[in-house]
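J.: Take the working numbering: the final residue in the sequence shown is number 378, and no numbers are missing along the way. From the three backbone atoms N, C-alpha and C, an ideal C-beta is built for every residue, glycine too. Below: one structure in structure tokens.
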Amino acid sequence: MLKVCADMQSRATAGQIHALIVKLLDEEDRGNVFVQNSLIDLHSKFGDSIKAEKIFNGLKWRDLSTWNTIMACYTRHSLVDKALEVFFSMKEKDTLSWNIVMSCLGESGRGEEALMLFHHLLRLSAPVKPNPSTYTIILTVCTTLTALQLGRQIHTCTVKLGLSQNNVFTGNSLITMYARCGQVNDLEQVFSEMPKMDVVSWNSVILGLGQNGYARKALEVAKKALKLEAFNHNTFIAILTSCSHGGMVDEGMECFRTMRENYGIEPCMDHYICVIDMLGRAGRITDAHNVFPEMTFGPNSVAWMTLLSACLAHGNARVGEIAARELQNLEPDNVASYVMLASLYGKTGRVEESEKVLSLMRKKQLRKEPGCSWIVEM
């Protein structure tokens, strides 16, 4: 019942069941620990890490699953140091324990620490050994760090274990890692050797090819995926992104126009942003601006930022002013909108107006983060 409540996000029912459990459950009975574990997980999924932690701290009996569950709770809520504290205080750990903490570190920008733990895990004696999920996690870390050499070593391990060919998650992670590291031949080889692909496999290859300058080849793969009906809304994001990077505006616009009619995919904000980016990169600023009225929902700050970036790259102050104003209406304290508008004025010779924008920034006490560039490369 608790799992059903979590899946259905039924807080009211979950609260009633929790109250009943507290009333009826014998906390002295060690056999009831799995129910308490479920309660920790339930409150974690409902976004209440404090209540989950309170249950954990009040338990008389804990098993390995209890420790893993509270650690997963901290991971879910980005409480990295608390997750580490739990991990290092555990007297007994299984592979899942290591996977949770390495995933937590990787997702929190602390990939180097995740790799250190992975190397330590490799030195442990059985039965605590890496499993397919471990390699997927570490490959994701390698992707984030663009650690190609280590990624290749992990690939070799997965081949020996038969994972790269027989585990679709591992194969997908390898494709993404090689794409991020610019190794197109390797990603194509991994893809071709996979006996079974899922939608993520196709999307990863399309995006990887497109982002590495092989837009035409990306579209060829996309045609196969569409023919096999191995697509979802992310497939079209990958196609549009590939067209954007490859300057294939006509092909991209054709894809965008037909995705609803031919494939039943309703355009979402991400699709519109891809189109704005594609047109903007090609210097078609007016066309990019004309995309906004076509949206059946209000554009978000990312859409306006994408347009403003294109205006800065191509020196279009007229549309850039509109984009900056709309962005500031949505996010009054968005430093990037002021910095980019000031840069745009400076680029187009309107130095006095550039100074006025910077002066307004100072008046509002808005500061650009040091070492952070707001200029999006086109």
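Please classify G210: is it buried, with 16 or more other beta-carbons within 10 angstroms of its beta-carbon, or exposed?
T.: Taking the first residue of the sequence shown as 1, we reach residue 210 at position 210. It is buried - the Cβ of G210 has at least 16 other Cβ atoms within 10 Å.
J.: Starting from the C-beta of S97, find all residues in its chain whose C-beta is less than 6 Å away, skip the five residues before and the five after it, and write them out in chain order.
T.: The residue you call residue 97 lines up with position 97 of the sequence shown. Only N68 meet the Cβ criterion.
J.: Just to confirm my understanding: we take L105, look at its own chain, exclude 5 residues before and 5 after, and list those with CB closer than 6 Å. What are they?
T.: Residue mapping note: residue 105 aligns to position 105 of the sequence shown, counting from 1. E113 and A114.
J.: Rank A52, L307 and E251 by C-alpha distance to the C-alpha of D287 and give the top, closest one.
T.: Within the sequence shown, numbered from 1, the residue matching residue 287 stands at position 287. The shortest C-alpha separation from D287 is found at L307.
J.: Pull up the distance between the alpha-carbon of S373 and that of R281, whole angstroms please.
T.: Locating residue 373 in the sequence shown gives position 373, counting from the first residue. Locating residue 281 in the sequence shown gives position 281, counting from the first residue. In this prediction, S373 scores a pLDDT of 37, lower than 50, which makes its location untrustworthy; the coordinate-derived value is nonetheless stated afterwards. The alpha-carbon atoms of S373 and R281 are separated by roughly 18 Å.
J.: Measure the alpha-carbon distance for F231 versus W202 and round it to whole angstroms.
T.: Counting from 1 along the sequence shown, the entry for residue 231 is found at position 231. Counting from 1 along the sequence shown, the entry for residue 202 is found at position 202. In a straight line, the C-alpha of F231 is about 8 Å away from that of W202.
J.: What's the call for K45, buried or exposed, on a 16-neighbour Cβ count within 10 Å?
T.: Start at 1 with the first residue of the sequence shown, and residue 45 comes out as number 45. Per the 10 Å Cβ criterion, buried.
J.: Short of 6 Å in beta carbon distance, which residues of its chain neighbour G151, apart from the five on each side in sequence? Order them along the chain.
T.: Locating residue 151 in the sequence shown gives position 151, where the first residue counts as 1. Hits under 6 Å: C142 and M177.
J.: Report the three-state DSSP secondary structure of T235 (helix, strand or coil).
T.: Against the sequence shown, residue 235 aligns to sequence position 235. In the structure shown, T235 sits in a helix (DSSP, three-state: H, G or I).
J.: Rounded to a whole number of angstroms, what is the C-alpha to C-alpha distance between M378 and I50?
T.: Translated into the one-based positions of the sequence shown, residue 378 becomes position 378. Translated into the one-based positions of the sequence shown, residue 50 becomes position 50. Caution is warranted here: a pLDDT of 24 is assigned to M378, below 50, making its placement in the model unreliable, and the coordinate value is therefore given only provisionally. Taking the straight line joining both Cα atoms gives about 44 Å.
J.: Which residues bound the alpha helix (DSSP H) around N166?
T.: Reading the sequence shown from its first residue, position 166 is the one you call residue 166. Unbroken alpha helix (DSSP H) run through N166: L163 to N166.
J.: Output needed for L219: all residues of its chain with C-beta closer than 6 Å, excluding positions within five of it in sequence on either side, in chain order.
T.: Here residue 219 corresponds to residue number 219 of the sequence shown, with the count starting at 1. Nothing meets the Cβ criterion.
J.: On a CA-only basis, which of L84, H119 and V184 is nearest I154? Give me that one, please.
T.: Within the sequence shown, the letter at position 154 stands for residue 154. The shortest C-alpha separation from I154 is found at H119.
J.: Check the C-beta distance from I276 over to A238 and give it rounded, since I have them as a contact under 8 Å.
T.: Within the sequence shown, residue 276 is the residue found at index 276, counting from 1. Within the sequence shown, residue 238 is the residue found at index 238, counting from 1. About 16 Å; that fails the 8 Å criterion.
J.: For T176, which three-state DSSP category applies?
T.: For the purposes of this step, residue 176 is identified with residue 176 of the sequence shown, where counting begins at 1. In this structure, T176 counts as helix in the three-state DSSP scheme.
J.: Entirely within the region 116-159 and at least 4 residues each: give me those alpha helix (DSSP H) ranges in chain order.
T.: 132-145
J.: Rounded to whole angstroms, what's the CA-CA distance from M1 to Q36? Just pull it up for me.
T.: Within the sequence shown, the letter at position 1 stands for residue 1. Within the sequence shown, the letter at position 36 stands for residue 36. Residue confidence for M1 is low, a pLDDT of 47 falling below 50, so the modelled location carries little weight and cannot support an answer.
J.: I'd like the list of long-range same chain contacts for L163, defined as Cβ closer than 7 Å, with 5 residues on each side in sequence excluded.
T.: Residue 163 sits at position 163 when you count from the first residue of the sequence shown. The residues are P132, Y135 and T170.
J.: Let me know the alpha helix (DSSP H) ranges lying completely inside the region 267-298, each 4 residues or longer, listed in chain order.
T.: 269-281 and 285-290
J.: With distances taken from CA atoms, which of L366, R318 and H271 is nearest T296?
T.: Position 296 of the sequence shown, counted from the start, is the residue given in the question as residue 296. Nearest option by C-alpha distance: H271.
J.: Can you give me the Cβ contacts of G246 inside the same chain, cut-off strictly under 6 Å, excluding the 5 residues immediately before and after it?
T.: Counting from one through the sequence shown, the residue named residue 246 turns up at place 246. Same-chain partners within the cutoff: A215.
J.: By the DSSP assignment, the alpha helix (DSSP H) with L341 in it spans what residues?
T.: If you number the sequence shown from 1, residue 341 lands on position 341. V335 to K347 is the extent of the alpha helix (DSSP H) around L341.
J.: I need the straight-line Cα distance from D333 to S65, nearest angstrom please.
T.: Residue mapping note: residue 333 aligns to position 333 of the sequence shown, counting from 1. Residue mapping note: residue 65 aligns to position 65 of the sequence shown, counting from 1. For D333 and S65, the distance between alpha carbons rounds to 44 Å.
J.: Around the Cβ of S192, are there at least 16 other Cβ atoms within 10 angstroms (buried) or fewer (exposed)?
T.: On the sequence shown, residue 192 is found 192 positions in, with the first residue counted as 1. Looking at its Cβ environment, which holds fewer than 16 other Cβ atoms inside 10 Å, S192 is exposed.
J.: Out of S204, M197 and V199, point me to the one whose CA is closest to A179's CA.
T.: In the sequence shown, counting from the first residue as 1, residue 179 sits at position 179. It is S204.
J.: Please name the residue in C268, S301 and L312 whose C-alpha comes closest to that of E294.
T.: Translated into positions along the sequence shown, residue 294 becomes position 294. When only C-alpha atoms are compared, the closest one is C268.
J.: Report the option in K129, G182 and C157 whose CA atom is closest to the CA atom of L145.
T.: Residue 145 sits at position 145 when you count from the first residue of the sequence shown. Checked all of K129, G182 and C157; the closest Cα to L145 is G182.
J.: By the 10 Å Cβ neighbour count, where 16 or more other Cβ atoms means buried, how is N167 classified, buried or exposed?
T.: For the purposes of this step, residue 167 is identified with residue 167 of the sequence shown, where counting begins at 1. Per the 10 Å Cβ criterion, buried.
J.: Is I265 helix, strand or coil by DSSP?
T.: As a working mapping, residue 265 is identified with position 265 in the sequence shown. Looking at I265 - three-state DSSP - the assignment turns out to be coil, as it is neither helix nor strand.
J.: I think M305 touches Y338, with their Cβ atoms under 8 Å apart; what is that distance to the nearest whole Å?
T.: Here residue 305 corresponds to residue number 305 of the sequence shown, with the count starting at 1. Here residue 338 corresponds to residue number 338 of the sequence shown, with the count starting at 1. Incorrect: roughly 12 Å between the Cβ atoms, too far for contact.
J.: Could you give the DSSP three-state label for A83: helix, strand or coil?
T.: Sequence index remark: in the sequence shown, residue 83 carries index 83 (1-based). The answer is helix: DSSP assigns A83 an H, G or I state.
J.: Got a sec, what are the start and stop residues for the alpha helix (DSSP H) W98 sits in?
T.: Within the sequence shown, the letter at position 98 stands for residue 98. Segment T95 to E107, the alpha helix (DSSP H) holding W98.
J.: In chain order, what residues of the same chain have a beta carbon less than 7 Å from the beta carbon of R260, not counting five sequence neighbours either side?
T.: As a position in the sequence shown, residue 260 is number 260, starting the count at 1. These residues qualify, in order along the chain: E266 and P267.
J.: For W202, report the span of its alpha helix (DSSP H) as first-last.
T.: Numbered from its first residue, the sequence shown carries residue 202 at position 202. W202 -> alpha helix (DSSP H) spans V199 to Q211.
J.: Taking the beta carbon of G298 as the centre, do at least 16 other beta carbons fall within 10 Å, making it buried, or is it exposed?
T.: For the purposes of this step, residue 298 is identified with residue 298 of the sequence shown, where counting begins at 1. The residue is exposed, with fewer than 16 neighbouring Cβ atoms inside 10 Å.
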